[in-house]
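Letter by letter, the sequence shown follows residues 2 to 236 of the working numbering.
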Amino acid sequence: MKRIHFKEIDSTNTYLINNYLNLDNMTVVTCDIQASGKGRMNRVWHGDSNSIMCSILIKENLNKIDISIIPLLIAKSLHQVLSAYKSDIKIKWPNDLLIQSRKLSGILVKSIIISSEVKALVIGFGININNKDFNKEISDIATSLFLETNNIFDKEKILKQILTKIENDLKQINNKEIIDYCNKYSCLIGKKVTFSKDNETIIAEVLKIDESGHLLVRNETNIISLNSGEITLLK
Ligand code: BTN
Numbered sequence: 002m003k004r005i006h007f008k009e010i011d012s013t014n015t016y017l018i019n020n021y022l023n024l025d026n027m028t029v030v031t032c033d034i035q036a037s038g039k040g041r042m043n044r045v046w047h048g049d050s051n052s053i054m055c056s057i058l059i060k061e062n063l064n065k066i067d068i069s070i071i072p073l074l075i076a077k078s079l080h081q082v083l084s085a086y087k088s089d090i091k092i093k094w095p096n097d098l099l100i101q102s103r104k105l106s107g108i109l110v111k112s113i114i115i116s117s118e119v120k121a122l123v124i125g126f127g128i129n130i131n132n133k134d135f136n137k138e139i140s141d142i143a144t145s146l147f148l149e150t151n152n153i154f155d156k157e158k159i160l161k162q163i164l165t166k167i168e169n170d171l172k173q174i175n176n177k178e179i180i181d182y183c184n185k186y187s188c189l190i191g192k193k194v195t196f197s198k199d200n201e202t203i204i205a206e207v208l209k210i211d212e213s214g215h216l217l218v219r220n221e222t223n224i225i226s227l228n229s230g231e232i233t234l235l236k
């Protein structure tokens, strides 16, 4: 894996999206400061030199991979590495890691599609490692390994472990194993959640992640299969 590190950049994901043609498969981009970090649903991702901010470019074998499983694969890889540092990390489908309902890590996978063909994938993730506080907007919903343990961690060591893990996990993708793992460590199973569908707010109970990676939920009348979107856990 070739790595490019920036002291400051707008977004590691945007860098790979803009430069994928000239970069090798499995190029990794990291940074200390991200001026315009991208989150899911067009949100901003806040990170600083206490966080890991990383993107990986995948250009080869895309026709052999089931791309829809990639966010869950990455959630599993991150969860497995980070669980050595903190024991009660949970996976929130489709791609967040939480500790006690606060966000430790977020994953954003973007496909570059040209003429209906997937030319590249950009896998981005942010992990709060040594952050001591967060800005007002997210201080109630974010956490870091430091805030949870009172220990300072070697960010570079954790990143290297994660990159090795992801590289290996991408070589042997087993959908059932990934889905079973994400169900085992999910914070959603059996919980009441709310989400919007066709401009309606629905409250439902989460059953499981099914074999296609969709979230199955049940309300009074139906079983609904969700393939993306934002789920809010009801307190
Ligand atoms: C989310 O939870 O909404 C996903 C957040 C993903 C953030 C990471 S930080 C590194 C990479 N570069 C970006 O601009 N975003 C991702």
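We treat Cβ as the ideally placed atom computed from N, Cα and C, and that holds for glycine. Bear in mind the structure is a predicted one, so any value in this text is a computation, not a measurement.
**Message:** Quick check: the Cα distance between residue 182 and residue 77, rounded to an integer number of angstroms?
**Reply:** 7 Å
**Item:** Beta-carbon proximity of residue 122 to residue 110, cut-off 8 Å
**Value:** yes
**Asked** To the nearest angstrom, how far is it from the Cα of residue 34 to the Cα of residue 95?
**Response** 26 Å
**Message:** Tell me the DSSP secondary structure of residue 228 in three-state form.
**Reply:** coil
**Helix, strand or coil at residue 76 [DSSP, three-state]** = helix
**Asked** Going by other Cβ atoms of all chains shown within 10 Å of its Cβ, with 16 needed for buried, is residue 42 buried or exposed?
**Response** exposed
**Message:** Quick check: residue 184 and residue 166, are their CB atoms within less than 8 Å of each other?
**Reply:** no
**Request:** Check whether the Cβ of residue 54 sits closer than 7 Å to any heavy atom of the ligand BTN, and report yes or no.
**Result:** yes
**Message:** Give me the DSSP bridge partner(s) of residue 54.
**Reply:** 127
**Request:** Under 7 Å Cβ to Cβ from residue 72, same chain only, skipping five residues before and after it: list those, please.
**Result:** 95, 96, 108, 110
**Message:** If you reduce the DSSP assignment to three classes, tell me which class residue 4 lands in.
**Reply:** strand
**Pairwise C-alpha distance: residue 115 and residue 149** = 43 Å
**Asked** Is residue 52 buried or exposed, if buried means 16 or more other CB atoms sit within 10 Å of its CB?
**Response** buried
**Asked** Helix, strand or coil: which one does DSSP assign to residue 150?
**Response** helix
**Request:** Compute every distance between the C-beta of residue 12 and the non-hydrogen atoms of the ligand BTN, then say whether any falls below 7 Å.
**Result:** yes
**Message:** Counting C-beta neighbours from all protein chains within 10 Å, is the total for residue 145 16 or more, i.e. buried, or is it exposed?
**Reply:** buried
**Message:** Do residue 147 and residue 131 have their beta-carbon atoms positioned less than 8 Å apart in this structure?
**Reply:** yes
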